[in-house]
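Taking our numbering, the leading residue of the sequence shown gets 10, the next gets one more, and so forth.
Accompanying notes for the structure given below.
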Amino acid sequence: GTQGLSDGTIMIYNKDGSFSKLLDITLTDPKGLTLIGDTLIVTDINRVLFIDVNKKTVKGQTNIADAFIFLNDVVADGKGFCYVSDMQGNRIFKINISKPTTYESLVFSGTLKTPNGLWYDEKSNSLIIVSYTENATIKALDLTHLSVSTLSTTQYHYFDGITSDGKGTYYISAWQDVNGKPKAGKIFKYTDLTKPDGQLFAADFDGPADIFYDTTNGLVCVPVMANHTIEFISLIEKLPAPKLIFPMNNAVDMGTIITFNWSKVEDALNYTFQISKSSDFKELFYTKDLNENILEIKNLEKSTTYYWRVKANALDKQGEWSTVNKFTCSALSYEAPTLVSPANNAEFIKTNPTFMWNASKTSLYKLQVSAKEDFSTLAISVSNITDTNYVYQSYLQKNTQYYWRVKTYSGYVESDWSNSWTFKTNEYEIPQPQLIFPTNQSSNVSLNPTFVWKKTDAETYKLQVSKKIDFTSDIVLD
């Protein structure tokens, strides 16, 4: 919000680039932020708020009545305490996160002048503190002995924020350069805080404030106060091009439904996929930005040659395009099979069911069965089925809703999936009868035999005799 108007708020920056409010209430002038688990700690003039980011509510508050003008940065030590800088009061406050209603003003040997940005160094159990003053200093407050030492006095002016990659490299924001020119904010990189001169990392900011190092995406995040913007500076110099896996270059006789696949790129946030009928990609048949390294396209044209490529993207940088692969679709195409059994919405299906469907032009089928309607996990996945039925040789879960579908294919040409049907298995298992007579492989059996099987706890039995082993036709007795 605007300084002094008590119209502050906390915004969520979403993955799609949009903003949304974290809280419904209005704050005064929030500044420092740190996130500990699900708790966001916020300094707001003379109070420190503890916000549950899941419930989007304030669950605790520390009122610091003797704060001078406003509290600034906040950092946690991972031991249950957080520390807040009072820039104009030249003080550091300590708060027990589990008991936020009380605080203490640290009493230490040595002096602080306009302490602003804070960083906790676990190895030395110290706060690294940068000052908002000309010839800004970098100091360390030893929390074990409560003593302040000066690490370096720099030629830069008005340090604001400090962050680190946790591996010994620090990034510090300064509002002015060595000449004191306004609107000349810079970010300096330090690998040794005892050296007064940092390496220039980024420039031309109008008011770079408290900064943050995003270890997940390799970004230094800089809120620029005068511009009302957040700048994301990538530490990734260049993203390598993905390697195209399928379809292979110059592939022929491909189907009109293809699942494209390429290698993952480390540090990539997403990928841009393009396919065209021309090698220069001036006219695109299809393009998509997606997070995964796999994509299915269904509407390709028969007897047509296509070109495809992929590139990886970071938040503010794009990678190189991959090599271009060419493939040609076959003149063939297949319709999806029609399911027969188990019937849609059938119940009391045995846990080792027989799946049946109508024949198509080809002799190969794929079957999928899942307990999830989107088939994200599979209970059965079988290819190279040469008949229009499949007997599951193991057992599904009892009393469970399942979904099943089938497609037909030959080579790389395949149909779309059939409509998915659903069925529910039995709540309990009916034991299979044990056949006694005629015995297996017996010969010279009477033309009017007496069939005998071991009795079970079933109420009724069904007997089938067929001339075919799969009992699909030539039924003699049913």
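By construction, the Cβ of each residue, glycine as well, lies at the ideal position given by its N, Cα and C atoms.
Does DSSP put residue 211 in a helix, in a strand, or in coil? Looking at residue 211 - three-state DSSP - the assignment turns out to be strand.
Spatially closest choice to residue 227 from 14, 25, 278, 89, by CA coordinates: Of all alpha-carbon atoms in 14, 25, 278, 89, the one lying nearest the alpha-carbon of residue 227 is that of 278.
Could you tell me the alpha carbon to alpha carbon distance between residue 133 and residue 82, rounded to whole angstroms? Cα to Cα, the separation comes out at about 20 angstroms.
List the endpoints of the continuous beta strand (DSSP E) containing residue 277. Segment: none, residue 277 is in no beta strand (DSSP E) and carries neither H nor E.
Determine which residues share a DSSP beta bridge with residue 1 and list them. Residue 1 lies beyond the residue range present for the chain, which begins at 10 and ends at 487; the question has no answer from this structure.
Quick one: grab the DSSP three-state call for residue 412. Note: residue 412 maps to strand in three-state DSSP.
Ends of the beta strand (DSSP E) at residue 105? In the DSSP assignment, residue 105 falls within the unbroken beta strand (DSSP E) covering 100-105.
Counting pairs of Cβ atoms below 8 angstroms between the stretch 298-314 and the stretch 255-268, do you hit three or more? Here the stretch 298-314 makes contact with the stretch 255-268; the two share three or more CB pairs at distances below 8 angstroms.
For residue 72, the three-state DSSP class (helix, strand or coil): Looking at residue 72 - three-state DSSP - the assignment turns out to be strand.
Rounding to the nearest angstrom, what Cα-Cα distance links residue 256 and residue 317 in this structure? Just so you know, the alpha carbons of residue 256 and residue 317 end up roughly 9 angstroms apart.
Determine which residues share a DSSP beta bridge with residue 83 and list them. Its beta-bridge partners are 93.
Inter-stretch contact (C-beta, 8 angstroms, three-pair minimum) for the stretch 82-94 and the stretch 43-56: Here the stretch 82-94 lies against the stretch 43-56, with 3 or more beta-carbon pairs under 8 angstroms apart.
Taking three-plus beta-carbon pairs below 8 angstroms as touching, is the stretch 363-380 in contact with the stretch 416-423? Verdict: yes, contact present.
Per DSSP, what kind of secondary structure is residue 375 in: helix, strand or coil? Residue 375 falls in the strand class under three-state DSSP.
Would you call the stretch 62-75 in contact with the stretch 102-120, where contact means no fewer than 3 C-beta pairs closer than 8 angstroms? Taking a cut-off of 8 angstroms on C-beta distances, the stretch 62-75 touches the stretch 102-120, as three or more cross pairs fall below it.
Just the Cα atoms here: how many angstroms apart are residue 464 and residue 347? Residue 464 and residue 347 have their C-alpha atoms roughly 38 angstroms apart.
Identify whether residue 183 lies in helix, strand or coil by the three-state DSSP scheme. DSSP places residue 183 within a strand segment (E or B) once states are collapsed to three.
Just mark residue 22 as buried or exposed, buried being the case when its beta carbon has 16 or more other beta carbons within 10 Å. Counting Cβ neighbours within 10 Å, residue 22 comes out exposed, since fewer than 16 surround it.
If you check the beta carbons only, do residue 389 and residue 378 fall under 9 angstroms apart? In this structure, residue 389 lies near residue 378, with their beta-carbon atoms less than 9 angstroms apart.
Expressed to the nearest angstrom, what Euclidean distance is found between the alpha-carbon atoms of residue 78 and residue 97? Per the coordinates, the alpha-carbon of residue 78 lies some 7 angstroms from the alpha-carbon of residue 97.
What is the C-beta distance between residue 259 and residue 335, in whole angstroms, given that I count them as a contact (C-beta under 8 angstroms)? Indeed they touch by this definition, with Cβ atoms about 6 angstroms apart.
Buried or exposed: which applies to residue 470, given that a residue is buried once 16 or more other Cβ atoms fall within 10 Å of its Cβ? Exposed.
Are the beta-carbon atoms belonging to residue 101 and residue 58 less than 9 angstroms from one another? In this structure, residue 101 sits away from residue 58, with a CB-CB distance that is not shorter than 9 angstroms.
By the three-class DSSP mapping on this structure, what secondary structure does residue 389 have? The three-state secondary structure of residue 389, taken from DSSP, is strand.
According to the neighbour-count rule (16 or more other Cβ atoms, all chains shown, within 10 Å of its Cβ), is residue 446 buried or exposed? Under a 10 Å Cβ-count criterion, residue 446 is classified as exposed, with fewer than 16 other Cβ atoms of the shown protein chains found around its own Cβ.
What's the gap between the Cα of residue 194 and the Cα of residue 63? Taking the straight line from one Cα to the other gives about 35 angstroms.
Backbone CA spacing between residue 95 and residue 41 [nearest angstrom]: Going by the C-alpha atoms only, they are around 11 angstroms apart.
Helix, strand or coil at residue 205 according to DSSP, with G and I counted as helix: Taken through DSSP and simplified to helix, strand or coil, residue 205 comes out as coil.
Alpha carbon of residue 152 to alpha carbon of residue 164, nearest angstrom: Going by the C-alpha atoms only, they are around 27 angstroms apart.
Taking one C-beta from the stretch 283-292 and one from the stretch 238-252 each time, how about it: are there three or more such pairs within less than 8 angstroms? Cβ pair count under 8 angstroms is below three, so no.
Give me the Cβ distance between residue 229 and residue 217, rounded to the nearest whole Å; I'm assuming they're in contact under 8 angstroms. Beta-carbon to beta-carbon, residue 229 and residue 217 are separated by about 10 angstroms, too far to satisfy the 8 angstroms threshold.
If you drop the 5 nearest sequence neighbours on each side, which residues of the same chain put their C-beta closer than 6 angstroms to that of residue 123? Closer than 6 angstroms at Cβ, skipping near neighbours: 96, 140, 141, 142.
Report buried or exposed for residue 269, applying the criterion of at least 16 other Cβ atoms within 10 angstroms of its Cβ. Residue 269 should be labelled buried.
On a CA-only basis, which of 323, 12, 39 is nearest residue 24? Give me that one, please. Here the closest residue by C-alpha is 323.
Buried or exposed (CB count within 10 angstroms, at least 16 for buried), residue 458: Burial call: exposed.
I need the straight-line Cα distance from residue 20 to residue 241, nearest angstrom please. Pairing residue 20 with residue 241, the inter-Cα distance amounts to about 16 angstroms.
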